[in-house]
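In UniProt numbering, the protein residues as written are 1 to 356.
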Amino acid sequence: MHRVKSINKIVVFYVFVIMIFAGVLTSFLFFLFYVFGIFPFFVLTPVFSPLIALLISSAIGTSISAMASERILKPLNQLVTATKRISTGDFSVRVAEINDNSEIANLLRGFNHMAEELSGIEMFRNNFINDFSHEFKTPIGSIRGFARQLQNENLSPEKRTEYTDIIIKESERLTNMASNILLLNNLDNQQIITDKIEYELDEQIRNCVILLEKDWSRRNLKIDLHLDTVKIFGNEEMLSHLWINLIDNAIKYAHDNGRISITCEKTLSDIRVAITDNGKGMDNTELKHIFDKFYQGDTSHASQGNGLGLSIVKRIVDLYNGKISVESSPGYGATFTVYLPAGSSEQMKKRRAEPR
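#1: Where does Asp283 sit, in a helix, a strand or coil, going by DSSP?
#2: Between the alpha carbons of Glu265 and Asn235, how many angstroms are there, rounded?
#3: Is Leu310 helix, strand or coil by DSSP?
#4: In whole angstroms, what is the alpha-carbon distance linking Ile244 and Ile210?
#5: Taking 8 angstroms as the threshold (C-beta atoms), are Ile262 and Ile205 in contact?
#6: Can you list, in chain order, the residues of its chain with a C-beta nearer than 8 angstroms to that of Leu308? Leave out the 5 residues immediately preceding and following it.
#7: Using only CA atoms, which one of Glu170, Asp277, Ala96 and Asp188 lies nearest to Thr335?
#8: Applying the 10 Å Cβ sphere with the 16-neighbour rule, what's the burial state of His241?
#9: Relative to the alpha-carbon of Ile251, which residue among Met238, Ile275, Thr229 and Ser269 has its alpha-carbon at the smallest distance?
#10: Excluding the 5 residues preceding and the 5 following Leu118 in the sequence, name in chain order all residues of the same chain whose CB lies nearer than 8 angstroms to its CB.
#11: If the criterion is Cβ atoms closer than 8 angstroms, does the pair Lys280 and Gly331 meet it?
#12: Can you name the start and end residues of the alpha helix (DSSP H) that Val95 belongs to?
#13: The beta strand (DSSP E) with Leu340 in it runs from where to where?
#14: According to the neighbour-count rule (16 or more other Cβ atoms, all chains shown, within 10 Å of its Cβ), is Ala115 buried or exposed?
#15: Drop a sphere of 10 angstroms on the beta-carbon of Leu44, count the other beta-carbons inside from all chains shown, and report buried for 16 or more, exposed for fewer.
#16: DSSP state of Lys84, grouped into three classes?
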């Protein structure tokens with residue numbers, strides 16, 4: 001910034017010197033002509049004519065350069081100042097933009113876009129830290145409280161067993177939360193899907209239902225499976241996380257003695273998996289934030305999850321260039337439908353056609 005100011009001073013000084021010299025010369029010529037009636041023809045000689053022309057053109061050119069440099073250096077000064085504020089963590093700073101297609105204008109617009117993105121990232125980071133701290137405080141506080149209760153020597157065996165079970169449950173919740181955060185972080189940093197294999201998708205969904213049998217049988221839920229035979233070419237472990245999180249979410253929000261329906265079918269354009277529960281459903285506000293990290297619309301079920309499962313689901317679907325839709329209304333449950341592109345099947349066909 002100091003260098004820019006120095007250039008400004010040099011340009012102004014140069015213009016000032018040229019203008020003074022030109023003014024003195026003009027005054028001298030005017031004096032000769034007005035007082036003595038003498039026109040200084042020597043200024044038209046091959047020596048002086050170029051000199052005068054040079055002085056005049058230099059004065060004009062330098063003036064134009066000064067104006068042009070002012071137009072360029074002013075926004076650059078703004079950028080230098082704004083960049084210093086960005087470096088101190090002030091992401092609210094913006095620079096005045098120029099309404100043209102010049103390189104300077106593009107630079108200013110690019111800076112404002114960068115500042116906007118950094119501001120959004122900073123806001124997300126702060127929200128994540130706050131949500132993360134809140135979610136960890138609850139189980140840690142529960143563990144600490146019941147651990148203190150266990151120090152009571154007069155505690156009955158039944159209560160001791162109950163409090164021990166709660167501590168185990170809360171510690172498992174912390175473990176699951178840490179695992180989900182690590183998984184989500186890995187997914188956020190992943191751009192392509194690796195380790196793809198050909199396998200039966202319908203069989204994988206059945207296995208996921210079996211893995212969660214303890215949870216849905218405890219609440220006496222009925223699971224209706226309508227699964228077509230579908231083969232897919234993808235990352236088996238990643239898609240397993242997808243189905244487990246969706247089925248687990250349906251189990252948590254379904255009514256006791258209720259029913260969960262899971263369908264899987266292949267069309268000409270995509271593979272569709274739909275999971276429906278008969279829970280309390282969601283309103284429009286909940287639907288808008290359903291895939292946000294740590295969001296739990298139904299606080300009555302907050303202790304059953306950590307608000308990361310559906311964020312993981314959304315990220316996996318995005319990595320597959322797929323789509324997920326949610327249909328729900330209060331009192332009528334919810335249906336999550338995953339659409340995986342038929343490209344997965346096309347890759348599988350090409351693999352089968354390749355010579356071995």
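Beta carbons: idealized from backbone N, C-alpha and C, even for Gly. Quick caveat: nothing in here was measured; it's all calculated off a predicted structure.
Straight from the coordinates:
#1: For this step, residue 283 is matched to residue 283 along the sequence shown. DSSP places Asp283 in coil when its eight states are reduced to three.
#2: For the purposes of this step, residue 265 is taken as the residue at position 265 of the sequence shown. For the purposes of this step, residue 235 is taken as the residue at position 235 of the sequence shown. Looking at the two C-alpha atoms, the distance is approximately 19 angstroms.
#3: Here residue 310 is taken as the residue at index 310 of the sequence shown, counted from 1. When DSSP states are grouped into helix, strand and coil, Leu310 belongs to the helix group.
#4: The residue you call residue 244 lines up with position 244 of the sequence shown. The residue you call residue 210 lines up with position 210 of the sequence shown. Taking the Cα positions, Ile244 is about 10 angstroms away from Ile210.
#5: In the sequence shown, the residue the question calls residue 205 occupies position 205. In the sequence shown, the residue the question calls residue 262 occupies position 262. Their beta carbons are under 8 angstroms apart, which means Ile205 touches Ile262 by this criterion.
#6: Taking the first residue of the sequence shown as 1, we reach residue 308 at position 308. Cβ within range, chain order: Met177, Asn180, Ile181, Leu184, Lys293 and Phe294.
#7: Looking up residue 335 in the sequence shown gives position 335. Each of Glu170, Asp277, Ala96 and Asp188 was checked against the Cα of Thr335, and the nearest Cα belongs to Asp277.
#8: Walking along the sequence shown from the start, residue 241 turns up at place 241. With 16 or more other Cβ atoms within 10 Å, it is buried.
#9: As a first step, residue 251 is located in the sequence shown; it is residue number 251 there, counting from the start. Ranking Met238, Ile275, Thr229 and Ser269 by Cα distance to Ile251 puts Ile275 first.
#10: The residue you call residue 118 lines up with position 118 of the sequence shown. Here the set comprises Ile86 and Phe91.
#11: Within the sequence shown, the letter at position 280 stands for residue 280. Within the sequence shown, the letter at position 331 stands for residue 331. A distance below 8 angstroms separates the beta carbons of Lys280 and Gly331.
#12: One-based indexing of the sequence shown puts residue 95 at position 95. Val95 -> no alpha helix (DSSP H), and no H or E assigned at all.
#13: Sequence index remark: in the sequence shown, residue 340 carries index 340 (1-based). Its beta strand (DSSP E) spans residues Ala334 to Pro341.
#14: Position 115 of the sequence shown, counted from the first residue, corresponds to residue 115. Of the residues assessed, Ala115 falls on the buried side of the cut-off, its CB having 16 or more other CB atoms within 10 angstroms.
#15: Counted from its first residue, the sequence shown places residue 44 at position 44. Unreliable placement is indicated for Leu44, whose pLDDT of 44 sits below 50; no coordinate value is reported for it.
#16: Counted from its first residue, the sequence shown places residue 84 at position 84. DSSP, read as helix, strand or coil, puts Lys84 in helix.
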